[in-house]
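There are 2 protein chains.
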Amino acid sequence: MSSSKLPIDFYFDFSSPYSYIASEWIEALAARHGRTVRWKAVLLGVTFQAAELKSPVSHPIKREYSLLDFARSARFAGVPYTFPSKFPVATQNAARVFWWLDASDPQRAADWARHGLRAYFTRGDVDLSNGADLERLAREFGLAPGQAEAVAGDPGWKGRLRDACAEAVAAGAFGAPFFVVDGEPFWGNDRRDQLERWLERGAF
Amino acid sequence: MSSSKLPIDFYFDFSSPYSYIASEWIEALAARHGRTVRWKAVLLGVTFQAAELKSPVSHPIKREYSLLDFARSARFAGVPYTFPSKFPVATQNAARVFWWLDASDPQRAADWARHGLRAYFTRGDVDLSNGADLERLAREFGLAPGQAEAVAGDPGWKGRLRDACAEAVAAGAFGAPFFVVDGEPFWGNDRRDQLERWLERGAF
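Line by line, the protein sequences are chains A and B.
Under our numbering, the residue at position 111 of the first sequence is numbered 105, and the numbers go up by one with no gaps.
Under our numbering, the residue at position 161 of the second sequence is numbered 155, and the numbers go up by one with no gaps.
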């Protein structure tokens, strides 16, 4: 492992099934190649809007395929998956908590990301946009009562998330998961093999 | 190899880079698992319209990524690739010739598909929507002078292509390449590994 190797930027949204699947393999893949991962919570809607896109599930025909493919891609990756009863949901509050944690401890922020993604995509009945659900997740995670709500309503953390979304768009993200390694962008859970080849051999 | 195994339906567009890449591996993949391939030329625009989608290259931000990803995905698959000087182009004439050939010899139609895809995506200066270019390709392929133009202007083959596009949409296609095997849909060159697992083990 060389200390000169740059981290992998990993842009994700808490309500993105492919982000969830990727979140389950990205750390091991990075570690195999002496890299670290820089997790970055963003809002998929902001990246869609910048690229004049909509969610795949808001398109006729593509919606049905996408729902099938989310589940099949999770099985293919060996990742547990239960389609959430409410989908998609607004994730800005979970993302603000992420950035609040990140300011002092990026590793703990990544742990929160995994906690939120796993809860949303495996329990089936979690609604990240619901205050009571978010509070329950925050308490499970070890946060003080009311802390998540306070962070979610704080203009400072709202601004931090806005900046993160703008940075993602500037980096070329128009969806999630979106990875950047050594300046090279990779979009989608399905670019795992290309990302791995890049890490193994460099530019190809 | 069991004769009871269904063929793999392979919907492609002559102007789709990911269709081109997939066209270079689909036959070998099918053969490894005792399957045949049923090639089906369609118009990407018709499937986009049905799903209220646009080409990835007509979206800001996603355009730049897509151009990079077309080339990188070709290199990843070990397939020669030169970005066409005119892209995308209308492909209905090439597709009508495909269906004309298909009516008497599906294997020869598949050969025409490969001939057209390779010419468009490796020579760099071929415009499939241009009458002279199409005529040159048709002559290289062994068609009689003027045959391609006659087929392209024939209401019967226009209708056959229309039917093929409608069938693709009915099968759930909203882009290309789109595969259906045993009723299971797979969208994209990047679903190759999932398609192969399906062929190996059945439903997963």
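We put the CB at the ideal spot given by N, CA and C, even for glycine.
Here the structure is a predicted model, which is why all the values come from computation and not from measurement.
Contact with chain B is found for Tyr59 (chain A), since one of that chain's Cβ atoms lies less than 9 Å from the residue's Cβ. About 6 Å separates the CB atoms of Thr41 (chain A) and Ala162 (chain A); that is less than 8 Å, so the two are in contact.
The DSSP-derived three-state label of Tyr12 (chain B) is helix. Between the beta-carbon of Val83 (chain A) and that of Asp119 (chain A) there is about 12 Å, and that puts the pair past the 8 Å contact cut. Contact with chain B is absent for Glu18 (chain A), since none of that chain's Cβ atoms lies less than 9 Å from the residue's Cβ. The criterion of a C-beta distance shorter than 9 Å is not satisfied by Ser79 (chain B) and Leu38 (chain B). Between Phe168 (chain A) and His53 (chain B), the CB-CB gap stays under 9 Å. Secondary structure of Arg32 (chain B) (DSSP, three-state): strand. Within the same chain, and ignoring the five residues on either side of Phe180 (chain B) in sequence, the residues whose Cβ sits closer than 7 Å to its Cβ are Phe173, Gln188 and Leu189.
For the 9 Å CB-CB criterion, Val51 (chain A) and Leu61 (chain A) form a contact. The beta carbons of Tyr114 (chain A) and Phe6 (chain A) sit no closer together than 9 Å. Residue range Glu178 to Trp181 is occupied by the beta strand (DSSP E) that includes Trp181 (chain B). Inter-segment contact for the region 103 to 110 of chain B and the region 143 to 151 of chain B is absent: fewer than three beta-carbon pairs are separated by less than 8 Å.
For the region 57 to 81 of chain B, residues whose beta-carbon sits nearer than 8 Å to a beta-carbon of chain A comprise Glu58, Tyr59, Leu62, Asp63, Arg66, Ser67, Arg69 and Phe70. Of all residues in the region 164 to 175 of chain A, only Gly166 and Phe168 come within less than 7 Å of chain B when Cβ atoms are compared, listed by chain position.
Rounded to the nearest angstrom, the gap between the Cα atoms of Tyr12 (chain B) and Glu143 (chain A) is 45 Å. Within the same chain, Cβ atoms closer than 8 Å to the Cβ of Trp93 (chain B) are found at Ala35, Ala103, Trp151, Arg154, Leu155 and Ala158, the five residues on either side in sequence being excluded. Close to chain B, meaning a Cβ-Cβ distance shorter than 9 Å, are the following residues of the region 23 to 41 of chain A: Thr41.
Considering only A:Phe198, A:Tyr75, A:Trp33 and A:Gly125, the residue with the shortest C-alpha distance to Gln101 (chain A) is A:Trp33. With contacts defined by Cβ atoms closer than 9 Å, Thr30 (chain B) and Ile2 (chain B) form a contacting pair.
Separation of Asn87 (chain B) and Asp105 (chain A) (C-alpha to C-alpha, rounded to the nearest whole angstrom) is 54 Å.
Separation of Tyr75 (chain B) and Asp184 (chain A) (C-alpha to C-alpha, rounded to the nearest whole angstrom) is 21 Å. CA-CA distance, Gly140 (chain B) to Glu129 (chain B), rounds to 7 Å.
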